[in-house]
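Encoded as structure tokens, the structure appears first; notes follow it.
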Amino acid sequence: MDETYDPARIERDAQQYWEANNSFHATEDPDREKFYCLSMFPYPSGNLHMGHVRNYTIGDVIARYQRMLGKNVMQPMGWDAFGLPAENAAIERHAAPAPWTYQNIAHMRDQFKRLGFAFDWTREIATCRSEYYRWEQWLFTRLHKKGLVYRKTAVVNWDPVDQTVLANEQVIDGKGWRSGAVVEHREIPQWFLRITDYADELLDGLKQLELAWPDAVRAMQRNWIGRSEGVEIVFRDIDAGSDLKVYTTRADTLMGATYAAVAAEHPIAAEAAKTNQALAEFITQCKHGGMAEAELATMEKKGMPTGTHVRHPLTDEPLPVWVANYVLMGYGEGAVMAVPAHDERDFEFAHHHRLPIRQVLENTAVLTSELRKQHPRSAFETCYFDETEWQDWYASKSPDEVQVVNSGRYSGMTPQQAVDAIAGDLAAKGLGSKRVHYRLRDWGVSRQRYWGCPIPMILCETCGPVPVPEQDLPVILPEEVVLEGPGSPLATLPAFYQATCPGCGADARRETDTFDTFFESSWYYARFTCPDQDQAMLDERAHYWLPVDQYIGGIEHAILHLLYARFFHRLMRDEGLVQGDEPFARLLTQGMVLKDGAKMSKSKGNTVDTQDMLDRYGADTVRLFVMSDAPPDQTIEWMDTGVEGAHRFLKRLWRQLFTHLAKGDAGAVDHAALTRDQKTFRRLLHETIAKVTDDFGRRMTMNTALAAIRELLNAAQRFEDERRQGQAVMRETLEAVVLMLTPVVPHFAHAAWIALGHEHPVIDAQWPVVDESALVREEIELVVQVNGKLRGRIAIAADADREAIEAAALSDAAVERFLEQKPVRKIIIVPGKLVNLVV
RNA sequence: GCCGAUGUGGUGGAAUUGGUAGACACGCUGUCUUGAGGGGGCAGUGGCGCAAGCCGUGCCGGUUCGACUCCGGCCAUCGGCACCA
45 MDETYDPARI ERDAQQYWEA NNSFHATEDP DREKFYCLSM FPYPSGNLHM GHVRNYTIGD
105 VIARYQRMLG KNVMQPMGWD AFGLPAENAA IERHAAPAPW TYQNIAHMRD QFKRLGFAFD
165 WTREIATCRS EYYRWEQWLF TRLHKKGLVY RKTAVVNWDP VDQTVLANEQ VIDGKGWRSG
225 AVVEHREIPQ WFLRITDYAD ELLDGLKQLE LAWPDAVRAM QRNWIGRSEG VEIVFRDIDA
285 GSDLKVYTTR ADTLMGATYA AVAAEHPIAA EAAKTNQALA EFITQCKHGG MAEAELATME
345 KKGMPTGTHV RHPLTDEPLP VWVANYVLMG YGEGAVMAVP AHDERDFEFA HHHRLPIRQV
405 LENTAVLTSE LRKQHPRSAF ETCYFDETEW QDWYASKSPD EVQVVNSGRY SGMTPQQAVD
465 AIAGDLAAKG LGSKRVHYRL RDWGVSRQRY WGCPIPMILC ETCGPVPVPE QDLPVILPEE
525 VVLEGPGSPL ATLPAFYQAT CPGCGADARR ETDTFDTFFE SSWYYARFTC PDQDQAMLDE
585 RAHYWLPVDQ YIGGIEHAIL HLLYARFFHR LMRDEGLVQG DEPFARLLTQ GMVLKDGAKM
645 SKSKGNTVDT QDMLDRYGAD TVRLFVMSDA PPDQTIEWMD TGVEGAHRFL KRLWRQLFTH
705 LAKGDAGAVD HAALTRDQKT FRRLLHETIA KVTDDFGRRM TMNTALAAIR ELLNAAQRFE
765 DERRQGQAVM RETLEAVVLM LTPVVPHFAH AAWIALGHEH PVIDAQWPVV DESALVREEI
825 ELVVQVNGKL RGRIAIAADA DREAIEAAAL SDAAVERFLE QKPVRKIIIV PGKLVNLVV
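Okay, so the first sequence: first residue is 45 according to our numbering, each after it adds one.
Below, the structure written as structure tokens:
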């Protein structure tokens, strides 16, 4: 063993050994417990940044730990290779995206290897290869047959910079998630997947992920799916237009409806606008107004009457229909019944346009004291409500006993009773029924981009859209193209778009749109189980490996990727390709890596160059630092001094090992011959093994595991015992420390294990086992409290009975001073921990 | 507005089931080693106090022998959703 720690050489040697021995190649073995550990695969942008390093280190630590427990561990890696940056880079260089992507993959693969991750590279996948994407094309055509795919012209989110359609999930604050450009609304024919058919199942499935997935992620998905139970109500037309359908979750307030409002895009609005110039202008204005969603929410409530009326379904009273900018076409029926007394938005609108306000619930009127300040009393004088009602309204204080009022036969009911009664009455009249609504929309998967998987459809003038037949798959994306500007070159490439209709044989046009790249990342985890299968999407190996036992990735994928993958898993399940409902049994969302309090980014100039760190300190130091600082799911601050500290620790440990080994061979521990001090130290060792095991396995708090190891080593440095048994215990300790550090600093451990004289590599070693007998104490220390405050400590036999403990506590000199002869009222003993004397 | 987190020394954080608050590190101070730089060793490091001791986990209250931990009510920060009827 060298005297000084030389990470460059140590790491090269270890990596060469792993490579030469295929150490991480996993094969199915039904006799062993499997463990599929997966970190979210990266987009091959060109370089690994510190966020990547942290993500993959966490995954690698878990994978290596599980392997040491004896499990059959599979940890694959691949590339989410389609996507816009490749196109943008290609436009800049007047070259094709494919070679740029393959170069980046090669470079990043080298960086991964340099970091020593235990990936099974024989399973490597790049989603831009037809061997991969052909199977999603195949699945798409199967889904088309089942009616789970459809094409429709829809108002879409159009990103004017990236020249493509975005899914709702990809629009953030009215801007494109990647380009940041303000999104426009356009009408374009597009392909959709019926994710809404699975809305209930995706929602219910979240329950079984409790404890296994972070609360935050489950809550975000729940909100995104946005299930609501309500009633669909028909308001009959009076003025020879058409009936108005609305959706409401508050049917109990139906008797308080004083007008109806429709979205600007609603057919009734369009019809009325034909004969109303002012209304037509208002509608145009609404459609082109500031489209940022955040602005919409705070925008002034504007509206105009359509001049038409509908009939209240229970009272037949005529209600005016307004066009209002606060009604969304995309939710429910694009129309609402307005109950100004019990809905803030309706109230604001009614107040502004002097529409009637009618209270029908006691104690829950929206007019809180806060709103009352904003709307002085005079504002209501034109409204339908009298002095008494108004006073009752304001006087009501307790919101827990709500009942329906001013509502005929429904008065006196609770809101829930009223919902049921009103829904029943409406159903009897054929004017309404209970209905469940979702916020979730069907997934639009068409992208007008080149660097993606071609959508395997042919558009025929007579037959309509026809799927490409199975024997003609895959539809291969031509890789040798030159991109001159935004927009897809496929649409101007006859060799690609010219096709024959599989139905009638006529000339037809191939679909030139490509899939949203979330399509590829929705099922890659399954393909990793059998990446070489060229006859089917998946085979029986998927049944062995799935589900993924531990998935690790960024919280930014809480909704998009993780929801799509859960959806795809069910689609594949229903095709008989996989078993089980959920793809990822356990999820860990790792926190960001910050520098100077902000997320690292090139624009802020606060990035840390991964390559530079690896060259200066080595992979083990970087890995150790990112695992030491905080629990994996918390954000960490990159500190140069912290990295120095991690490096110093490894150097010190190396020296400790060297010094110990220089003393020569240490024999085995002879338990009977241990002195009291040796036993005490050895107990600390086994307590540490127990804690580290729990931290790595159950708690996943590697930071506290590493702290415990450091504590043990600090104690080991103080434990200077040159006797034979002292050296034996020291040897046992250092071996256990090396084993426990193996998942985090595998190269260091590899070299240290050889130096400790082992023939077999540490990668195949077993995780250290706690020697229960070492944990036994003859004497323990108890804390003595007086009235809950720490006053002293007593040493006492571990098996001492209650009386002995009480006597010892009462007679302790430090404690006695605080008793001051006052009578002890009560003595509480927490076994093994403390004694509390209450005076 | 709704949902989900989080709040502890100068800093990152620890305290797992209600039982010794501040583990482990970073930084800082003193000191030793070295020709110097660097590196390393040792000691100290929540606040106030000479000390005994007192105070101390965002704020206010409660439960308890005992509260960072549980309950009620606030405040602040971060993240997500947001005119969802």
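All residues carry an ideal CB built from backbone N, CA and C; glycine is no exception.
List the endpoints of the continuous alpha helix (DSSP H) containing R553. That residue, R553, is in no alpha helix (DSSP H); its beta strand (DSSP E) goes 551-554.
Roughly how many angstroms separate the alpha carbons of P500 and V354, rounded to a whole number? 47 Å
Where in the stretch 128-177 do unbroken runs of the alpha helix (DSSP H), each at least 4 residues long, occur, reported from the N-terminal end onward? 128-137, 141-158
The stretch 576-596 touching the stretch 53-61, judged by at least three CB pairs closer than 8 Å: no
Quick one: Cα of R493 to Cα of I169, how far? 22 Å
Where N132 and E180 are concerned, what is the direct C-alpha to C-alpha distance, given to the nearest angstrom? 25 Å
Residues in the same chain with beta-carbon distance under 8 Å from P74, minus the five sequence neighbours each way, listed in chain order, please. Y588
Got a sec? Which residues, its chain only, sit under 7 Å from P362 by beta carbon, not counting five neighbours each side? I282, H353, R355
Residues near R389 by beta carbon distance below 6 Å, same chain, minus five either side: Y370
Taking the alpha-carbon of G376 as reference, which of P349, V480, A322 has the nearest alpha-carbon? V480
Please say whether L785 and A772 have beta carbons closer to each other than 7 Å? no
When the Cα atoms are used, what is the spatial distance from I277 to R167? 55 Å
Proximal residues to R76 (C-beta, below 8 Å), its chain only, five neighbours per side dropped: G114, K115, N116
Run the CB neighbour count on I520, radius 10 Å, all protein chains shown included, and call it buried at 16 or more, exposed below. exposed
Within 10 angstroms of the Cβ of K639, are there 16 or more other Cβ atoms? Answer buried if so, exposed if not. buried
Residue nearest to A629 in terms of C-alpha spacing, selected from T71, F79, L756, G488: F79
Since P511 is in the alpha helix (DSSP H), which residue starts that stretch and which ends it? P511 -> not in any alpha helix (DSSP H); beta strand (DSSP E) instead, spanning 508-511.
With respect to the beta strand (DSSP E) encompassing H229, which residues constitute its N-terminal and C-terminal limits? 228-237
Let me check one thing: in DSSP terms, what residues is G122 bridge-paired to? I169
Do Q761 and A718 count as a contact pair if the criterion is CB distance below 7 Å? The residue you asked about is not Ala; residue 718 is Leu in the sequence shown. The answer is no: Cβ separation not under 7 Å.
Alpha carbon to alpha carbon, how far is R660 from E764? Give it in angstroms, no decimals. 33 Å
Which same chain residues, not among the five before or five after A140, have their C-beta less than 7 Å away from its C-beta? A134, E523, E524, V525, V526
Which partner residues of D203 appear in the DSSP bridge assignment? T208
Kindly indicate which three-state DSSP category R56 falls into: helix, strand or coil? helix
Rounded to the nearest angstrom, what separates R861 and G836 at their Cα positions? 10 Å
Less than 8 Å between C-beta atoms, sequence neighbours within five positions excluded: which residues of the same chain meet that for A260? I599, A602, T633
Which two residues bound the contiguous beta strand (DSSP E) that contains N65? Here N65 belongs to no beta strand (DSSP E), and DSSP marks it neither H nor E.
Which partner residues does Y661 have in the DSSP bridge list? In DSSP, Y661 forms no bridge with anything.
Alpha carbon of L372 to alpha carbon of V306, nearest angstrom: 8 Å
Using a Cβ-Cβ cutoff of less than 6 Å, which residues in the same chain neighbour I807 once the five nearest sequence positions on both sides are dropped? S67
Taking DSSP as the reference, what is the three-state secondary structure of N320? coil
Determine the DSSP secondary structure at K331, reduced to helix, strand or coil. helix
Less than 7 Å between C-beta atoms, sequence neighbours within five positions excluded: which residues of the same chain meet that for A52? G662
Contacts around L298, its chain only, beta-carbon distance under 6 Å, and the 5 residues preceding and following it disregarded: I466
Measuring CA to CA, which of F612, L237, W202, P88 is closest to G191? L237
Counting C-beta neighbours from all protein chains within 10 Å, is the total for P787 16 or more, i.e. buried, or is it exposed? buried
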